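Heads up, the thing below is written out as structure tokens.
Protein chains: 2
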Amino acid sequence: MEEIKKEERTLKYHLKLRVYYEERNYGPGVAALMKLVREKGSLSAACQELHMAYSKAWKIINKAEEDLGLSLMEGRRGGEFGGTTVLTEEGEKFLNQYQAFAEEAEAAVEELFYKYFPE
Amino acid sequence: MEEIKKEERTLKYHLKLRVYYEERNYGPGVAALMKLVREKGSLSAACQELHMAYSKAWKIINKAEEDLGLSLMEGRRGGEFGGTTVLTEEGEKFLNQYQAFAEEAEAAVEELFYKYFPE
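Top to bottom, those sequences are chains A and B.
Going by the working numbering, the first sequence opens with residue 68, and the numbers climb by one from there.
Going by the working numbering, the second sequence opens with residue 68, and the numbers climb by one from there.
See the structure below:
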């Protein structure tokens, strides 16, 4: 059994992409939050889905905003918890660029992975 | 001055690649250690160059070896500090694969970065 299990193990790769000026703050975590905010209109709902503490979410969003010099999302009427959160226009644009970049990079890297690790 | 400085900031990307079975243990850190061990014949010299604690180096090497099911390096006569450390044959092979993969991935991702973030 042990040996069969061992042979079934599959070698994988993992790619992490960050886009930044000085500090590598914008990456997959903030992008995932932004995608969910766009979908759900709520940062707390996005946090729930990602099992991320609300305070941590704000922290990584603020650090990314600070480095990029962009406002990524904003609250609308009703306060942080009661109201909705939406992406800003520049946040939307940046997320779209990052997503397109990350998706095409993922495809390119996958191909290279099978080239160099053909097992 | 402030404004000039701001305009000079350049948007960059950072790519991190890991290769693994179950746990994402093998990545740029272990690869950098292995390259230096190959060059210097000494793990402690490699650690010095990377400003990495010897204990941390062993920890990340052991975790990578455990996940990959490979022995990446081995000590030769004279003990851990007195003797030399060399890459094993399978360690050498794996490092070469990872380096070739990472270099070509870096080139591909760089091109995509300028495509999606042409600023």
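C-beta atoms are modelled at their ideal positions from N, C-alpha and C, and glycine is treated no differently.
Owing to the predicted nature of the structure, the values given are computational and were not obtained by experimental measurement.
*Does Tyr183 of chain B come within less than 8 Å of chain A when only Cβ atoms are used?*
Within the second sequence, numbered from 1, the residue matching residue 183 of chain B stands at position 116. Output row for Tyr183 of chain B: interface = yes.
Check your understanding: So, Leu78 of chain A versus Glu186 of chain A, is the Cβ gap smaller than 8 Å?
Key -> The residue labelled residue 78 of chain A in the question sits at position 11 within the first sequence. The residue labelled residue 186 of chain A in the question sits at position 119 within the first sequence. It is a contact, given that the beta carbons lie within the stated cut-off.
Going by other Cβ atoms of all chains shown within 10 Å of its Cβ, with 16 needed for buried, is Asn92 of chain A buried or exposed?
By 1-based counting over the first sequence, the position of residue 92 of chain A is 25. Buried.
Report the CB separation of Ile127 of chain B from Met140 of chain B in whole angstroms; it is logged as a contact under 8 Å.
If you number the second sequence from 1, residue 127 of chain B lands on position 60. If you number the second sequence from 1, residue 140 of chain B lands on position 73. About 12 Å separates the CB atoms of Ile127 of chain B and Met140 of chain B; that is not less than 8 Å, and the two are not in contact.
- request: Kindly say whether Leu88 of chain A, judged by its beta-carbon, lies nearer than 8 Å to any beta-carbon of chain B.
  value: As a working mapping, residue 88 of chain A is identified with position 21 in the first sequence. Sequence inspection shows Tyr at residue 88 of chain A; the Leu mentioned does not correspond to that position. At a cut-off of 8 Å between C-beta atoms, Tyr88 of chain A counts as an interface residue with respect to chain B.
**Prompt:** What's the call for Arg85 of chain A, buried or exposed, on a 16-neighbour Cβ count within 10 Å?
**Reply:** Counting from 1 along the first sequence, the entry for residue 85 of chain A is found at position 18. Buried is the call here.
query: Skipping 5 residues on each side, what residues in its chain have a beta carbon closer than 7 Å to that of Met68 of chain B?
result: Numbered from 1 along the second sequence, position 1 holds the residue referred to as residue 68 of chain B. Note that Met68 of chain B scores 45 on pLDDT, short of 50, meaning its location in the model is unreliable; the coordinates nonetheless yield the value given after this. Around Met68 of chain B: no qualifying Cβ.
### Task
Verify the CB distance criterion: does His81 of chain A have a CB-CB separation below 8 Å to chain B?
Here residue 81 of chain A refers to the residue found at position 14 of the first sequence. At least one beta carbon of chain B lies nearer than 8 Å to the beta carbon of His81 of chain A.
For this session: Could you tell me which chain B residues have their CB closer than 8 Å to the CB of Glu159 of chain A, listed as they occur along the chain?
Result: The count along the first sequence starts at 1 and reaches residue 159 of chain A at position 92. Within 8 Å Cβ-Cβ: nothing; Glu159 of chain A doesn't reach chain B, min ~15 Å.
Under DSSP, the beta strand (DSSP E) around Leu84 of chain A begins and ends at which residues? As a position in the first sequence, residue 84 of chain A is number 17, starting the count at 1. For Leu84 of chain A, the uninterrupted beta strand (DSSP E) segment begins and ends at 79–87.
At the level of alpha carbons, what is the spacing between Gln166 of chain A and Ser111 of chain B?
Position 99 of the first sequence, counting from 1, holds the residue named residue 166 of chain A. Position 44 of the second sequence, counting from 1, holds the residue named residue 111 of chain B. Each residue's Cα considered, the two are about 41 Å apart.
Any beta carbon from chain A within less than 8 Å of Leu78 of chain B's own beta carbon? In the second sequence, the residue the question calls residue 78 of chain B occupies position 11. Leu78 of chain B has a beta carbon lying within less than 8 Å of a beta carbon in chain A.
- Candidates A:Arg105, A:Glu171, A:Phe161: which alpha carbon is nearest Gly142 of chain A's? Reading the first sequence from its first residue, position 75 is the one you call residue 142 of chain A. Of the listed residues, the one whose Cα sits closest to Gly142 of chain A is A:Arg105.
* Whole alpha helix (DSSP H) elements within the segment 114–177 of chain A, 4-residue minimum -> 121–135, 146–149
Exercise. Mind checking the segment 127–140 of chain A against chain B and listing, in chain order, the residues whose C-beta falls within less than 9 Å of any C-beta there?
Key: Leu135, Gly136
Check: Does Leu179 of chain A have its Cβ less than 8 Å from a Cβ in chain B?
Finding: Here residue 179 of chain A refers to the residue found at position 112 when the first sequence is read from its first residue. Yes, Leu179 of chain A counts as interfacial toward chain B.
Report task. Apply the 10 Å Cβ neighbour rule to Ala120 of chain A and answer buried if 16 or more other Cβ atoms are within range, or exposed otherwise. Result -> Here residue 120 of chain A refers to the residue found at position 53 of the first sequence. By the neighbour-count rule (16 or more Cβ atoms within 10 Å), Ala120 of chain A is not buried but exposed.
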